[in-house]
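Residue numbers (the numbering used here), protein chains in the order written: chain A, 8 to 619; chain B, 286 to 867.
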Amino acid sequence: MSRLDIQTPSRSQTVVDQLYRDVERRIASSPPGLCPIDMAWNFLNLCHAQTCGKCVPCRIGLGQLSQLLQDVLDGEATMETVELIERTAETIVDTADCAIGIQAARLVLMGVRGFRDDYEEHILRHRCLGSLKNPVPCVALCPAGVDIPGYIALVSEGRYADAVKLIRKDNPFPTTCAYICEHPCEARCRRRMVDDAVNVRALKRFAVDNAGDVPNPPCAQPTGKTVAVVGGGPGGLSAAYYLSLMGHKVTVYEKRRQLGGMLRYGIPDYRLPRTKLDAEIASILSLGIEVHTDVDVGTDITFEELKSRYDCLYLAIGAHTDKKTGIEGENSQGVMSAVELLRGIGDGDLPDFTGKRVVVIGGGNVAMDVTRSAIRLGADRVFCVYRRRKEDMTALPEEVEGAEAEGAELLTLQAPVRIEADEEGRAVALWTQPQIIGPFDSAGRPAPHTADVPQVRLAADLIIVAIGQGIESHGFQQSGVKVQRGGAILAESRSRLTALQAAFAGGDCVTGPATVIRAIAAGKVAAANIDEYLGFHHAIESDVQVPPPRFSDMVPHGRVNTTERDAAERKRDFQCIECGMTLEEAMQESSRCLRCDHFGYGVFKGGRVEKW
Amino acid sequence: MVTVTIDRKSIQVPEGTTIMEAAERAGIPVPHLCFLKDINEIAACRVCVVEVEGIDRLVPACDNQVTEGMVVHTNSPRVRRARKTNLKLILSQHDGNCTACVRSGNCSLQALANDLNIHHQPYHRQTPRGYSDFSTPLIRQESKCIKCMRCVQICDKVQSLGIWDVAGTGSRTTVDVSYNRTLMNSDCSFCGQCVTHCPTGALTARDDTGAVLDALADPEITTVVQVAPAVRVAWAEAFGLDPAFATPERMVAGLRRIGFDYIFDTNFTADLTIMEEGSEFLERFTHRNRYRWPMFTSCCPGWVRFMKSQFPAYTDCLSTAKSPQQMFGAVAKSYFAQRIGVDPHKLFVVSIMPCISKKSECALPTMTDACGDPDVDVVLTTREMTRLLRSDHILPQDLGEEPFDSPLGTGTGAAVVFGATGGVMDAALRSAYWLVTGSNPDPDAFRAVRGNQPWKEAVFTIPGAGEVRVAVVSGLGNTRRLMEAVDAGTVQYDFVEVMACPGGCAGGGGQPIHDGQELASARSDLLWELDAKAPIRFSHENPDVLALYREFLEKPLGPKSHHLLHTDHQAWEMPPAPPREV
Chain A
8 MSRLDIQTPS RSQTVVDQLY RDVERRIASS PPGLCPIDMA WNFLNLCHAQ
58 TCGKCVPCRI GLGQLSQLLQ DVLDGEATME TVELIERTAE TIVDTADCAI
108 GIQAARLVLM GVRGFRDDYE EHILRHRCLG SLKNPVPCVA LCPAGVDIPG
158 YIALVSEGRY ADAVKLIRKD NPFPTTCAYI CEHPCEARCR RRMVDDAVNV
208 RALKRFAVDN AGDVPNPPCA QPTGKTVAVV GGGPGGLSAA YYLSLMGHKV
258 TVYEKRRQLG GMLRYGIPDY RLPRTKLDAE IASILSLGIE VHTDVDVGTD
308 ITFEELKSRY DCLYLAIGAH TDKKTGIEGE NSQGVMSAVE LLRGIGDGDL
358 PDFTGKRVVV IGGGNVAMDV TRSAIRLGAD RVFCVYRRRK EDMTALPEEV
408 EGAEAEGAEL LTLQAPVRIE ADEEGRAVAL WTQPQIIGPF DSAGRPAPHT
458 ADVPQVRLAA DLIIVAIGQG IESHGFQQSG VKVQRGGAIL AESRSRLTAL
508 QAAFAGGDCV TGPATVIRAI AAGKVAAANI DEYLGFHHAI ESDVQVPPPR
558 FSDMVPHGRV NTTERDAAER KRDFQCIECG MTLEEAMQES SRCLRCDHFG
608 YGVFKGGRVE KW
Chain B
286 MVTVTIDRKS IQVPEGTTIM EAAERAGIPV PHLCFLKDIN EIAACRVCVV
336 EVEGIDRLVP ACDNQVTEGM VVHTNSPRVR RARKTNLKLI LSQHDGNCTA
386 CVRSGNCSLQ ALANDLNIHH QPYHRQTPRG YSDFSTPLIR QESKCIKCMR
436 CVQICDKVQS LGIWDVAGTG SRTTVDVSYN RTLMNSDCSF CGQCVTHCPT
486 GALTARDDTG AVLDALADPE ITTVVQVAPA VRVAWAEAFG LDPAFATPER
536 MVAGLRRIGF DYIFDTNFTA DLTIMEEGSE FLERFTHRNR YRWPMFTSCC
586 PGWVRFMKSQ FPAYTDCLST AKSPQQMFGA VAKSYFAQRI GVDPHKLFVV
636 SIMPCISKKS ECALPTMTDA CGDPDVDVVL TTREMTRLLR SDHILPQDLG
686 EEPFDSPLGT GTGAAVVFGA TGGVMDAALR SAYWLVTGSN PDPDAFRAVR
736 GNQPWKEAVF TIPGAGEVRV AVVSGLGNTR RLMEAVDAGT VQYDFVEVMA
786 CPGGCAGGGG QPIHDGQELA SARSDLLWEL DAKAPIRFSH ENPDVLALYR
836 EFLEKPLGPK SHHLLHTDHQ AWEMPPAPPR EV
């Protein structure tokens with residue numbers, strides 16, 4: 008025997024490692040709606056299999072907890088069992104020796120406190136609150152409920168116009184979403200159990216890029232009802248689109264010069280080309296929607312006036328005000344907000360940053376948009392200053408990566424403390440306090456704390472603050488609209504305003520800054536409920552027939568990821584950075600879809616929502 | 286020194302003191318199960334958890350040190366609940382059929398469950414099935430194991446054999462014979478240190494009292510019992526009697542009440558062993574070149590098994606003299622049977638030993654020299670003798686004193702110290718001196734080999750023979766170190782005494798169990814006292830041994846002695862040691 012050996016993984020260890028990765032992906036693609044106790048029980052058994060067996064709380068305790076959870080699931084428990092589960096889990100957390108036992112028991116403890124209703128249902132009524140109401144995971148996770156397996160099947164048959172039509176049944180912005188949707192549909196794609204999620208968004212882009220001009224369906228008989236939509240962003244226009252299809256007369260009031268909201272005034276061209284956006288808006292307006300731009304509701308026309316003139320009102324004003332850092336020197340010249348910069352760009356006003364040192368404060372998607380725009384405006388160097396670590400940035404990782412590739416310099420763990428200005432009041436530097444990452448905050452993110460390091464001076468010609476947006480809702484408050492802390496408008500889940508008749512609201516102004524697809528979904532919900540409120544029940548459907556599924560052998564296969572234009576080239580212009588799929592890629596990628604609308608539970612119940 | 290507050294009591298202790306030790310010093314015992322000082326400090330049972338102010342979770346007291354200003358609560362509501370919960374969890378997987386357990390009344394788990402006032406079990410009973418081989422001298426019952434891991438640690442750290450190991454993973458983690466072997470196929474010495482350090486009845490010695498009671502009940506059979514030296518100083522511990530009261534003679538009275546026909550003393554054959562082994566040593570010593578050195582004692586069967594499996598090349602260095610137990614059996618079924626006119630096949634020889642390995646020794650195929658039957662029929666441990674007295678409802682406190690029977694009941698002071706480490710060496714040197722010089726040395730001349738140090742060395746000059754370099758070692762881990770030194774040539778000895786159990790037979794694996802206490806030293810002191818008080822202190826002066834030679838054996842190392850009292854250690858197979866990790 009030698010004294011030391013080089014460790015080489017055994018065959019079984021290699022296989023087990025593969026299984027770990029498979030299980031990891033499988034957990035990530037858990038279908039929504041499963042019984043939380045059943046899942047907790049199974050996780051617990053997995054944890055128990057990991058115990059080394061040295062200590063009692065972990066070796067025996069986790070097993071007994073598992074037995075008790077099984078009693079609950081089998082309908083053999085009493086409410087005292089829940090107490091015993093809680094007490095036992097507490098003792099394991101208190102006395103287990105290492106993370107294997109402690110974290111496993113925490114998982115049970117979190118559940119017994121977090122989904123007590125489920126426990127009670129099992130124990131008192133021997134039934135389960137969980138149910139597979141949403142058997143198609145991508146559709147269930149799309150806020151707008153777009154028929155994803157349907158349009159992927161159409162793409163794979165080369166029926167791109169039909170794909171666009173099918174998408175429009177639930178989302179009138181197929182092109183916009185094809186370019187910039189955050190694709191929550193991919194998160195639990197069942198294909199992940201085999202290899203990786205289907206690249207849904209890129210397939211949608213392939214459809215819209217190849218569909219040509221797709222006419223809208225005809226509008227229903229005019230109802231004689233009128234609806235005013237305040238705000239011409241994706242949410243307002245979605246509501247306007249569906250309400251028009253239903254036969255109502257819609258008028259959109261937009262404060263800015265042009266329609267599009269954040270799609271125009273927040274998202275730069277290089278992510279969503281203006282021509283595409285303009286074409287999409289034109290298509291929507293072609294239904295006969297009346298538009299008044301440059302009208303500020305509250306100043307140019309009062310809320311009450313609108314209310315009296317129309318049968319119903321939809322507030323979709325978004326979240327467009329800029330948040331301030333509140334640090335000293337923020338009012339100096341050369342300090343601007345992200346909203347200000349992007350709004351100007353949206354209206355075609357491109358400032359020249361040639362030779363300038365630009366400092367961007369923030370770590371979200373807007374901060375990245377500003378950073379990458381500043382690079383394109385000719386800045387010499389662009390710094391992105393963020394309080395936390397790179398992995399804590401709320402921006403999509405691909406946005407951060409893209410910005411870095413284009414030359415952005417990330418300065419993480421730097422909290423802005425003040426802006427230094429010269430005698431003429433022009434900003435010359437940002438002072439930051441270096442931070443050290445610390446314990447998790449209540450939201451489960453590690454929080455930064457002041458590090459024992461002196462402040463740092465970062466010379467700057469321009470400082471752009473991108474730390475979030477607020478909602479300009481105070482004007483409506485006087486008219487009886489209820490506003491929550493932080494400015495969000497209070498509305499029911501069916502988007503009706505609680506205190507007012509004939510008024511609905513949705514999108515960013517209700518939820519706070521969110522995603523395009525959530526604004527679209529809110530517009531869709533509002534349209535349905537306004538239709539009902541006006542006394543109708545118009546169905547929105549599509550006459551596109553979805554092709555039958557093809558057989559799939561589920562052989563693990565790589566996902567086609569989209570590519571981007573070379574960083575050195577793309578950073579010089581505002582042209583779209585993402586390259587679309589080739590036909591070959593689109594055919595291959597669309598064939599990876601497992602067609603959960605047909606296979607599995609989808610063929611039995613809830614597979615396809617034909618209309619709403 | 287650091288100052289800590291334990292249950293509102295302030296105490297100063299040296300740095301590095303554990304919370305458990307500090308609490309003990311403050312007069313606050315912290316309950317524990319798996320803890321075994323210096324051997325098993327792995328905090329597995331989580332019964333000793335305490336609350337330390339400023340620390341989020343509970344802390345095991347056994348493996349955490351106190352720090353300056355620490356404030357500890359050993360019985361806070363949170364501690365009470367956690368401790369009880371953990372104990373209930375242990376009990377949920379323990380075969381709690383205490384009424385039919387050999388450790389009932391001497392079980393740490395049972396005692397703790399009683400202490401913590403546990404009288405109902407909220408958890409499902411999940412007693413593991415387990416598969417036990419009840420034929421081996423040493424038995425493990427999975428259903429009673431609480432996975433404290435003491436056995437694994439004792440065998441690794443003290444005895445260096447690694448017979449027990451953690452087996453299985455996850456919830457099925459348990460203890461089993463290492464490398465997926467069975468006990469009978471392993472190089473286990475059967476020393477039984479795992480048994481005496483097991484807190485429950487999971488590890489036990491095979492109970493052979495049934496065979497003894499059957500023999501006692503058979504009118505055709507004459508029963509003979511021999512009692513090993515170390516048994517006499519431990520037999521009454523379980524009854525809580527003062528050693529001064531619990532004399533060997535009172536033990537003899539108890540054995541007679543049980544019904545043995547002849548109550549003899551292994552001391553007799555300990556003296557005989559000295560005659561044979563001492564003579565053998567002088568024969569080798571005076572013909573140095575014919576033998577490989579050193580010569581090792583062979584009275585301890587655990588050591589013989591260890592030698593044959595770990596250092597088989599040295600097997601021929603073992604004295605060929607049988608152990609006193611086996612010499613006794615051979616003499617009983619030849620000389621004694623003849624003397625009382627009984628067919629040796631109808632003579633049933635029982636040994637009472639502080640030892641589990643003796644159960645395997647008497648069953649060796651080579652130990653049938655007197656009449657073809659096993660020379661010793663059954664070996665009982667000290668604990669089994671206690672159970673025999675108990676089951677017959679014999680009250681030792683009411684017993685009188687009775688002498689051992691004659692002639693195999695006579696022993697000298699040199700024999701009684703066989704039960705303590707160094708005793709065999711001391712006795713052998715006393716007689717070797719006489720054999721060479723023809724005169725007795727001072728019986729206390731060889732003190733240097735006494736005492737409880739694990740590895741003792743001494744050089745004595747015997748006029749006419751020269752310098753004799755001796756070593757005495759006990760405990761198999763110490764023995765391995767000594768053997769490696771011998772093998773490496775870093776030490777040179779002529780004669781080495783080895784006992785498998787730390788402290789010798791006084792601390793044997795068949796002795797009464799006192800969890801958390803090591804009694805080998807205290808019991809040995811009693812044995813050395815018996816030697817000091819003995820009227821005869823030289824084996825060669827045992828009158829009945831001398832009569833035995835005169836009437837039957839003729840002379841040490843003579844043909845009859847050779848046949849009955851010596852053995853060939855190569856004549857039986859011992860499972861080899863597995864490859865050792867460096």
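Where a beta carbon is used, it is the ideal one built from N, C-alpha and C, also for glycine.
What residues of chain A sit near B/Y408, judged by a beta carbon separation below 7 Å?
-> Locating residue 408 of chain B in the second sequence gives position 123, counting from the first residue. Within chain A, the C-beta atoms nearer than 7 Å to that of B/Y408 come from Q71, in chain order.
Express the C-alpha separation of B/M612 and A/S19 in angstroms, rounding to a whole number.
-> For the purposes of this step, residue 19 of chain A is taken as the residue at position 12 of the first sequence. For the purposes of this step, residue 612 of chain B is taken as the residue at position 327 of the second sequence. For A/S19 and B/M612, the distance between alpha carbons rounds to 55 Å.
What residues from the region 44–63 of chain A come within 8 Å of chain B, judged by C-beta to C-beta, listed N to C?
-> The region 44–63 of chain A vs chain B, Cβ under 8 Å: H55, A56, Q57, T58, C59, G60, K61, C62, V63.
Roughly how many angstroms separate the alpha carbons of B/A385 and B/S645, rounded to a whole number?
-> Walking along the second sequence from the start, residue 385 of chain B turns up at place 100. Walking along the second sequence from the start, residue 645 of chain B turns up at place 360. If I take the Cα positions, the gap works out to 25 Å.
At a Cβ threshold of 7 Å, is A/R113 touching chain B?
-> The residue you call residue 113 of chain A lines up with position 106 of the first sequence. With a threshold of 7 Å between beta carbons, A/R113 makes no contact with chain B.
What is the DSSP secondary structure of A/G152, counted as helix, strand or coil?
-> Translated into positions along the first sequence, residue 152 of chain A becomes position 145. Coil.
Given B/R435 as reference, the closest of A/K61, A/E193, A/G152, A/K262 once Cα atoms are compared | Residue numbering aside, residue 435 of chain B sits at position 150 when the second sequence is read from its first letter. For B/R435, the nearest C-alpha among the options comes from A/K61.
Roughly how many whole angstroms lie between the Cα atoms of A/N49 and A/L131?
-> Within the first sequence, numbered from 1, the residue matching residue 49 of chain A stands at position 42. Within the first sequence, numbered from 1, the residue matching residue 131 of chain A stands at position 124. Using only the alpha carbons, I get a separation of about 22 Å.
Is the region 695–710 of chain B close to the region 730–746 of chain B, with three or more CB pairs under 8 Å?
-> Judged by pairs of C-beta atoms under 8 Å, the region 695–710 of chain B touches the region 730–746 of chain B, as three or more such pairs exist.
Going along the chain, which residues of its own chain have a beta-carbon closer than 7 Å to the beta-carbon of A/V171, five neighbours each way excluded?
-> Here the question's residue 171 of chain A lines up with position 164 in the first sequence. Once the five neighbours on either side are set aside, the close Cβ partners of A/V171 are P181, A214, V215, A218, V221.
In angstroms with no decimal places, state the Cα-to-Cα distance between A/V472 and A/A436.
-> Taking the first residue of the first sequence as position 1, residue 472 of chain A is located at position 465. Taking the first residue of the first sequence as position 1, residue 436 of chain A is located at position 429. Spanning the two alpha carbons is a distance of roughly 14 Å.
Could you check which residue in B/D546, B/I559, B/A452, B/H572 has the C-alpha nearest to that of B/S583?
-> Taking the first residue of the second sequence as 1, we reach residue 583 of chain B at position 298. Restricting attention to B/D546, B/I559, B/A452, B/H572, the CA atom closest to the CA of B/S583 is found in B/I559.
Within its chain, find whatever has a CB closer than 6 Å to the CB of A/S344; leave out the 5 residues flanking it on each side and keep chain order.
-> Residue 344 of chain A sits at position 337 when you count from the first residue of the first sequence. Counting only Cβ-Cβ distances below 6 Å, and skipping sequence neighbours, we find D329, V472.
Using only the heavy atoms of the ligand ATP, determine whether one of them is closer than 6 Å to the beta carbon of A/A214.
-> For the structure depicted, the ligand ATP is absent and the ligand set is empty, with no information on it obtainable.
What are the uninterrupted segments assigned as beta strand (DSSP E) that are 3 or more residues long and contained completely in the region 353–441 of chain A, given in chain order?
-> Counting only runs of 3 or more, we get 364–368, 388–392, 416–418, 421–428.
Is the region 98–111 of chain A in contact with the region 330–350 of chain B, if contact means three or more CB pairs nearer than 8 Å?
-> By the criterion of at least three beta-carbon pairs nearer than 8 Å, the region 98–111 of chain A is in contact with the region 330–350 of chain B.
In chain order, what residues of the same chain lie with their CB nearer than 6 Å to the CB of B/E338, ignoring the 5 residues before and after it?
-> If you number the second sequence from 1, residue 338 of chain B lands on position 53. If we look at B/E338 and ignore the five residues flanking it on each side, its Cβ neighbours are V356.
Which partner residues does B/N325 have in the DSSP bridge list?
-> Here residue 325 of chain B refers to the residue found at position 40 when the second sequence is read from its first residue. Bridge partners of B/N325: B/L321.
Cβ-based burial, B/W857 [other Cβ within 10 Å; buried from 16] | Counted from its first residue, the second sequence places residue 857 of chain B at position 572. B/W857 comes out exposed.
Could you please give the first and the last residue of the uninterrupted alpha helix (DSSP H) stretch that includes A/Y248?
-> For this step, residue 248 of chain A is matched to residue 241 along the first sequence. Membership of A/Y248 in the alpha helix (DSSP H) is indicated by the continuous run 241–252.
Drop a sphere of 10 angstroms on the beta-carbon of A/K618, count the other beta-carbons inside from all chains shown, and report buried for 16 or more, exposed for fewer.
-> As a working mapping, residue 618 of chain A is identified with position 611 in the first sequence. Per the 10 Å Cβ criterion, exposed.
Who does A/I444 pair with in a DSSP beta bridge?
-> Here residue 444 of chain A refers to the residue found at position 437 when the first sequence is read from its first residue. Per DSSP, the beta-bridge partners of A/I444 are A/P455.
Continuous beta strand (DSSP E) stretch holding A/Y260: start and end = The residue given as residue 260 of chain A occupies position 253 in the first sequence. 256–260 is the extent of the beta strand (DSSP E) around A/Y260.
Residues that DSSP places opposite A/H299 in a beta bridge = Here residue 299 of chain A refers to the residue found at position 292 of the first sequence. In the DSSP assignment, A/H299 is bridged to A/Y260.
One or two residues paired with A/G165 in a DSSP bridge | Mapped onto the first sequence, residue 165 of chain A falls at position 158. Under DSSP, no beta-bridge partner is assigned to A/G165.
B/P574 classed as buried or exposed, judged by whether at least 16 other C-beta atoms fall within 10 angstroms = Here residue 574 of chain B refers to the residue found at position 289 when the second sequence is read from its first residue. Residue 574 of chain B is actually Asn in this sequence, not Pro. Only exposed fits B/N574, as fewer than 16 other CB atoms lie within 10 angstroms of its CB.
Of the residues that make up the region 377–403 of chain B, which ones have a beta carbon closer than 7 Å to any beta carbon in chain A?
-> Legend: CB atoms of the region 377–403 of chain B lying less than 7 Å from CB atoms of chain A belong to residues S377, Q378.
What is the DSSP secondary structure of B/L649, counted as helix, strand or coil?
-> Here residue 649 of chain B refers to the residue found at position 364 when the second sequence is read from its first residue. Here B/L649 sits in coil by DSSP.
Could you please give me the residues that DSSP links to B/S295 through a beta bridge?
-> As a working mapping, residue 295 of chain B is identified with position 10 in the second sequence. Per DSSP, B/T290.
Check whether B/I637 and B/L680 have beta carbons under 7 Å apart | The residue given as residue 637 of chain B occupies position 352 in the second sequence. The residue given as residue 680 of chain B occupies position 395 in the second sequence. No, the Cβ-Cβ distance between B/I637 and B/L680 is not below 7 Å.
DSSP three-state call for A/I44: helix, strand or coil?
-> Locating residue 44 of chain A in the first sequence gives position 37, where the first residue counts as 1. Of the three classes helix, strand and coil, the one that applies to A/I44 here is helix, per DSSP.
Sequence ranges, alpha helix (DSSP H) only - wholly within the region 56–130 of chain A, length at least 4 = DSSP runs (the alpha helix (DSSP H)) wholly in the region 56–130 of chain A: 69–80, 86–102, 106–121.
Sort B/T421, B/L394, B/D729, B/I304 by Cα distance to B/G354 and report the nearest one.
-> On the second sequence, residue 354 of chain B is found 69 positions in, with the first residue counted as 1. Out of B/T421, B/L394, B/D729, B/I304, B/I304 has the C-alpha closest to the C-alpha of B/G354.
is_contact[B/V334, chain A] using C-beta, thresh 7 Å | Position 49 of the second sequence holds residue 334 of chain B. With respect to chain A, the C-beta atom of B/V334 has a partner C-beta closer than 7 Å.
B/H847 lies in the beta strand (DSSP E); which residues open and close that run?
-> In the second sequence, counting from the first residue as 1, residue 847 of chain B sits at position 562. Under the DSSP assignment, B/H847 falls outside any beta strand (DSSP E), being part of the alpha helix (DSSP H) whose first and last residues are 844–850.
DSSP on A/P181, reduced to helix/strand/coil?
-> Here residue 181 of chain A refers to the residue found at position 174 of the first sequence. Of the three classes helix, strand and coil, the one that applies to A/P181 here is helix, per DSSP.
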